[in-house]
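Residue numbers (the working numbering), protein chains in the order written: chain A, 957 to 1210; chain B, 957 to 1210.
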C-alpha cells in the first residue's frame, strides 16, 4: 500500500465547493472521477480544508491511498499529467508525491493559511473581479481593522464566527496564529489582503471574520466591538459573511 | 468646448475588440453608448491603441469632446460614476479629467507599453488562465529570447510583424524602445512577462513579436533568426501570432 498526496489549485467559480455531492460539479468529485478512471476502482480522497462553493485554492492538499502494485510501472509525473488531463480545466494538480504510510491531508495538518482579497474604491476592479470582494467606498480604516483583529489571536471559542456546527457536541475552539492586513498589487490592480493563519477553521469562519473586519473598516463598528462578538459565542453577534469569490485557501503546513 | 480624457481598464474576453462595430459588443461601442445616453447625442471617441478581440487593457486612454455647456452642473466624479454604471461590467473607467483643447488620445501619445504574460510548465495555470498563454513545456530559454529581442530595438520597418497594413502606402516603420523579459508572481502563480514599449504599433505586432520570441525560447529557432525575420519585411517570415488573452495594453505616455 502507498499513501500519496497532491497539491491542488482551483478556481472556485465553476464548482459547488470541494466536497463531493451527487450530481454536482465539485473538486473532490472531479479528482475521484479521474482516479476512478485511472485505477478502475473507487479511490477515496481526504483534503486539508473543505472549501465552500466559489472559494478558490492555491495550495489545497489532497491525500489518497493506492493498493499494492497500483503504482507499479507508473511514474508520478505521468500520473500527475493524467490527473490534469482528466479533470476540469479549473483544477490544476501542481505536485504529486509519495508520503509516509497513513498520512492524512486533514489530520496531519499543523496550520492552514487563507487569504481574502478586498478591492476598495469607486471604480470597479476588472482583472481582480473574479478573485476579490469589491467594496464601493472611498477608503477602509486599516488601522482600526488591525486593532479589531488583535483580539482574535490565540486559542478561543469561535462559535460567533461559525455558520453551522456539524455536530452538537463538537468543539468550536480554534487557535488563530495570525490575522495580517496588507496592501498588494495584483494584475496591475490594488487590493487589500486579509491573511488568516490558524490550526483549523470552522465553517465560514474566515469569511465571517473578514465581513466583521469590514464593518469596522467602514466605520459601522468600533474596533472594541470585535471582542464583544467573540465573547457572545453566538453567530448573530458577528458581521456579514464575506462573499466566496474573495477567498483563497492559500497553503497548509504539516 | 471641452476636451476630456479617461483612463479605462477592461477585460478583453467579452469584447470583439476596442473599435465599434455594428451589432457587436465592443469597448468603444459601450463607452459611446453610455456617452450618448448621458448627453443625448452621438459623442465620438478616440483611443490611444485599438486593441483586438480578447486583448485586455489596464491603462487605455480615450478622449472625446463636449460642446459648450454640456459639462455645466456636472462634476467629473459623477460623470465617471455614471460611465461605470452605464457600461458593461468588464469595463472600468479609472479616471476622467479635462485636458487641453484639441488633445487626441491617439495622436498625442509619445509611447505605448504592452505586456504579454506566458505561463511555462506541465501544470495548467488556474487564476492566470484568462490572462496568459500557457506553454506546456518544461522551460523557455530566456537568455536566447533576450538575445533575439535585441535586434528589435530602435527604428525599423516592422512589416514582417504586421498582420494587415491598413492602406497601401502607409509606413510600417516604428520605433521600439524596449523589449524586456522578466519573471513575476501574480495571484500566487509564476509567469514570464514580455514588456514591449514603442512609439506606436502595427496590427498584431506585439503578439507576432511574442510568438516569434517563443519559437526562439523553445529552441525551434536560433536567436539570430529574429534579424532575418526583421530584414525579410514579409509576414510569412515571422513566427505565430500569440493568442490574444495573454496581452494587456498596459499604459500610454503623453
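Just so it is clear, CB atoms sit at the ideal spot from N, CA and C, and this is done for glycine as well. It should be emphasised that the depicted structure is a prediction, and the values quoted were computed from it without experimental measurement.
With contacts defined by Cβ atoms closer than 8 Å, residue 959/B and residue 1057/B form a contacting pair.
Counting of Cβ neighbours within 10 angstroms places residue 1182/B among the buried residues, the total reaching 16 or more.
With fewer than 16 other Cβ atoms from the protein chains shown falling within 10 Å of its own Cβ, residue 1094/A counts as exposed.
For residue 997/B, the closest C-alpha among the options 1210/B, 1148/B, 1130/B and 1026/B is that of 1026/B. Each of 1033/B, 990/B, 1047/B and 1021/B was checked against the Cα of residue 1015/B, and the nearest Cα belongs to 1047/B. Residue 1084/A is a Cβ neighbour of residue 1147/A, given a cutoff of 8 Å.
Take the alpha-carbon of residue 1067/A and the one of residue 1209/B: they are about 47 Å apart.
Listed along the chain, the chain A residues whose CB falls inside 8 Å of the CB of residue 969/B amount to none; the nearest CB is some 10 Å away. Under the 10 Å beta carbon count, residue 1041/B is surrounded by fewer than 16 other beta carbons and is classified as exposed. Closest in C-alpha terms to residue 1008/A, from the list 1128/A, 1153/A, 1119/A and 1139/A, comes 1119/A.
By the Cβ criterion, the region 1098-1113 of chain A is not in contact with the region 975-993 of chain B, since fewer than three pairs of Cβ atoms, one from each stretch, lie closer than 8 Å. Look at residue 965/A: its C-beta is under 8 Å from a C-beta on chain B. Under the 10 Å beta carbon count, residue 1171/B is surrounded by 16 or more other beta carbons and is classified as buried. For a cut-off of 8 Å, the C-beta gap from residue 1186/A to residue 1127/A is around 15 Å, too long to register as a contact. Per DSSP, reduced to three states, the secondary structure at residue 1134/B is strand. By the rule that beta-carbons nearer than 8 Å mark a contact, residue 1082/A touches chain B.
Contact note: residue 1045/A reaches chain B through 1080 and 1085, using a C-beta cutoff of 8 Å and chain order. Within the region 984-1016 of chain A, the runs of beta strand (DSSP E) at least 3 residues long that lie entirely inside it are, in chain order, 1001-1003. Residue pairing for residue 1205/A: DSSP places it in a beta bridge opposite 1013/A and 1070/A.
Going by beta carbons, residue 1053/A and residue 1032/A fall inside the 8 Å limit.
With respect to residue 1087/A, residue 1071/A sits apart: the two C-beta atoms are not nearer than 8 Å. Between the alpha carbons of residue 1113/A and residue 963/A lies a distance of about 30 Å.
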